[in-house]
Structures are given as C-alpha cells and as structure tokens.
Amino acid sequence: MLIKTNRDGFCQLRNSDITDQSLYAGRRDLMKLMASGAAGAALSTWASREALAQGVSAIARPGKLASLPSVKSAVPGAVTLEKLTDYKDASSYNNFYEFGTDKSDPASNAHTLKTSPWTVEIEGLVKRPAKYTLEDLLKLSAQQERIYRLRCVEGWSMVIPWIGYSLSELIKKVEPLGSAKYVEFVTLADPKTMPGVGSRVLDWPYVEGLRLDEAMHPLTLLSFGMYGEVLPNQSGAPLRLVVPWKYGFKSGKSLVKIRFTDKQPATAWNKAAANEYGFYSNVNPNVDHPRWSQATERRIGEDGLFAKKRKTLMFNGYEAQVGQLYAGMDLKKFF
Ligand code: MTE
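Numbering (the numbering used here), first residue to last: 182 to 516.
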C-alpha cells in the first residue's frame, strides 16, 4: 500500500482486470435465470434446489477447497445484490504482505502457510480469557453467508460472498470488562512459512484494531470462508476479519490473538505512516489520502483501466447501518 505506486498514484491493475469474466452470478442473475426458465439446468451446476429451499447458500463452489456450508444472513445490510467478483480475481489479486508486496505474491507463495492446528488466544480485559481451537471457533455460532463490498485504500473494490458469523458472538462469550474500550487483532508472523516477514516493510506481526462498539457491530464478520468453501490461504486462512465499511487493511488476515484493551491499539499501517493511515480508516469519499483522492474506485474484474471509475460511497455504502457509531465525530480529524 505504501510502496506500490503507478502513474495513477496507487492502484496496480492487470490486463485481465479489463475483461469481465464472471463465473459467479449474484442473486439478481439467478432471478433472471429463473424467469427465463433456464434455471433448471443452471441450478444443477451452481446451486442445488434443496439448498435454495432451505435458505442455504446458493453460491457455486469453485471446488478447490473443503466446502463450508452456511445459511443466508438476516443481519441488515449483510447481503448486497451487486454482481459478485470472480473467484479467480478474489483469490489472485490480494494484499497479504507476509507473502510479498505484489498483488500476485500471496496466491503464489501462501501455500506454505500451515493452517492446522490453529488456535486463537483471547486475552486482556475480559472475564473469560481463553485459547480457542479453530474447530471450537467454527462451531461457536451458525455460519452465515454475507455478500460484502470491500474497498481497498488503494482505490479498488470487490464484492465477495464471505462465510462466517458476527464477531460479537465470540465477544459475548468472553465477556469484556467494563474497562475494555478497544479490541486489538494480532495476526500470524511466522518467518518459517511467511517469506515477507523477513522484510522491514511493516513492523510484524500485522496488528489491527477496532473500538469495542465497532467490533460489536453485527456487520463485523469473523470469517472462515468464501464462495462456499474455507478461505484460501492468500485470503487469510483459516480465519480473518471482514469490516465492510472500513478500508480493506482493517480486515486482518490469519488471526492468532484477540486482545481487549483500554488504550487505542498501535496498528501496523498507522505505525508505518500515521499521516496516511489513521486508526478509524472508515471508507470516506470526502477525506482524501494525502497522496490520492478517495472519491472513486475501480471494481476488480468489471471496470477496466479506461472505464470511468465508479463513485465511492460514504462508509462504503453501509452508512445506514454504521453511521450512528460516528455521530458528532470530526471524520477529517479521526480519519
Ligand atoms: N492482513 C495481514 N495479516 N497482512 C496484510 O498484509 N493486508 C490488508 C488486509 N489484511 C493484510 C491483511 C489489506 S491492505 C487489504 S486491502 C486486505 O487484507 C486485502 O484482503 P483481500 O485479500 O481479501 O483482498
């Protein structure tokens, strides 16, 4: 994010981004198919009738990884009807600096990440500190499908069918003390399996943070999968955060520790460049990054390099759900 710039000032798009090659249709497309009578054939390839009847996810599985069944989410705002980003793009155009700083590095290098066994430690200002195994966490609440827009601070966005449940489900279990005001998310930094950790581009481990009320918001997702399957390594396996109204870097990948504190956590990008990456980092078209505008964005796989960029929405389009969290705050100051 910090070091990759081109003439546009930021975003590095590949030639293939220009091609619209969607393998995955959104629900709107399904409705169209049903109306056209072509649904019978289509359903057998990318959704089972039974699954639809039971309200279970109808998103096609790429079929590469273990399936992760989920139910449709009823959380307000959790399912955008926008066209899904192609799985190939979502899993090959990533930021995961532990595996390199190029967008293609994580997909090439993250096969070395060992995701089992995996534990997540909950510590700090909670009544019930604990070490959860991945298996415990997977079972802690029903897996839901959430179709979120995620916008990177660099000016590109994707629409991804994530699978997981609200982080608040876990937070309620561990019972934060009254003094807990923030949540710190610490991710894996293993030099043996993560080649990027040897570089000094960031102060490892990659750490992110949220205010406790942001972490408790039902849209804040603890995610274990996408497109009907467990997360591919490059997307933050075996579990990551997805905070859809904030720039993508707030969504820490491959979490190993969740710490409750009374002080605002020092986060990786804020430590690297405090004037560029604030603690809040809410998507805000009215507050420019010091080196580029945040007013527009390109949807990966849809908006080619020469297409007009689309307008970025306040809080990435989730204003109705999260605007209240920031009532009365000067968002230019708390960027
Ligand atoms: N988490 C870790 N551990 N390391 C990273 O480098 N990059 C962040 C975020 N989480 C990052 C991370 C950034 S800059 C973005 S835009 C998103 O992950 C990218 O997520 P994606 O692979 O789903 O696009």
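Virtual Cβ for every residue (Gly too), placed ideally from N, Cα, C. This structure is a prediction, so every number in the text was calculated from the model and none was measured.
For the alpha helix (DSSP H) that residue i lies in, which residues bound it at each end?
i, result
"W316", "According to the sequence displayed, residue 316 carries Glu and not Trp. Counting along the chain, the alpha helix (DSSP H) containing E316 begins and ends at L315 to K320."
"K269", "Y268 to A271"
"Q505", "Counting along the chain, Q505 falls outside any alpha helix (DSSP H), and DSSP gives it neither H nor E."
Could you please give me the residues that DSSP links to residue i through a beta bridge?
i, result
"L391", "V364"
"K492", "T477"
"K253", "E326"
"G406", "I344 and V411"
"V260", "I328"
"V237", "V252"
Considering only the alpha carbon of each residue, which of the options lies closest to residue i?
i, options, result
"D267", "L294, S338, T293 and A247", "S338"
"E316", "L306, T300 and L436", "T300"
"I240", "S432, K431, P342 and K492", "P342"
"R480", "G336, L512 and I303", "G336"
"A418", "K452, K431, V468 and L436", "L436"
"G390", "P376, M510, N414 and Q445", "Q445"
"V378", "S285, L486, F277 and L265", "F277"
"T293", "V334, P357 and D371", "D371"
"P425", "M495, K312, P250 and L321", "M495"
"V334", "Q502, R472, F487 and A501", "R472"
"I328", "G498, L506 and F515", "G498"
"S462", "V503, L512 and A311", "L512"
"P376", "A453, D469, L265 and D286", "D286"
"Q415", "D270, Y346, S238 and V256", "D270"
"K492", "K427, E478, Y363 and S347", "E478"
"K427", "E500, K489 and A447", "E500"
"V340", "E483, A447, D469 and E302", "E483"
"Y507", "Y346, A454, N465 and S404", "N465"
"L318", "L402, L246, Y363 and S360", "L402"
"K312", "K320, E302 and L306", "E302"
"R440", "E304, M510 and K489", "E304"
"V364", "T448, K320, K434 and N275", "T448"
"R392", "K362, L265, G504 and F430", "K362"
"V260", "L383, N290, E326 and A454", "E326"
"S359", "K308, K431 and S349", "Note that residue 359 is Gly in the sequence shown, not Ser. Among K308, K431 and S349, the Cα nearest to that of G359 belongs to K308."
"S380", "G509, A488, L306 and E279", "E279"
"K431", "L412, Y408 and F366", "F366"
"K354", "L321, S289 and P386", "L321"
"M397", "Y387, V423, L331 and M407", "V423"
"P413", "L265, G258 and K295", "K295"
"V252", "A454, V237, K434 and S272", "V237"
"K438", "K373, P386 and E263", "P386"
"T374", "N290, L486 and F515", "N290"
"E395", "P243, F460, I344 and W450", "F460"
"T368", "A476, P399, R421 and G406", "R421"
"A288", "N275, G409 and S297", "N275"
"P243", "E410, F405, M510 and G433", "E410"
"S347", "P399, P298 and K434", "P399"
Q. Could you give the uninterrupted runs of the alpha helix (DSSP H) lying entirely in the region 408-490, keeping only those of 4 residues or more?
A. 449-453
Q) Whole alpha helix (DSSP H) runs in the region 285-368 with 4 or more residues, listed along the chain? A) 286-290, 315-320 and 348-355
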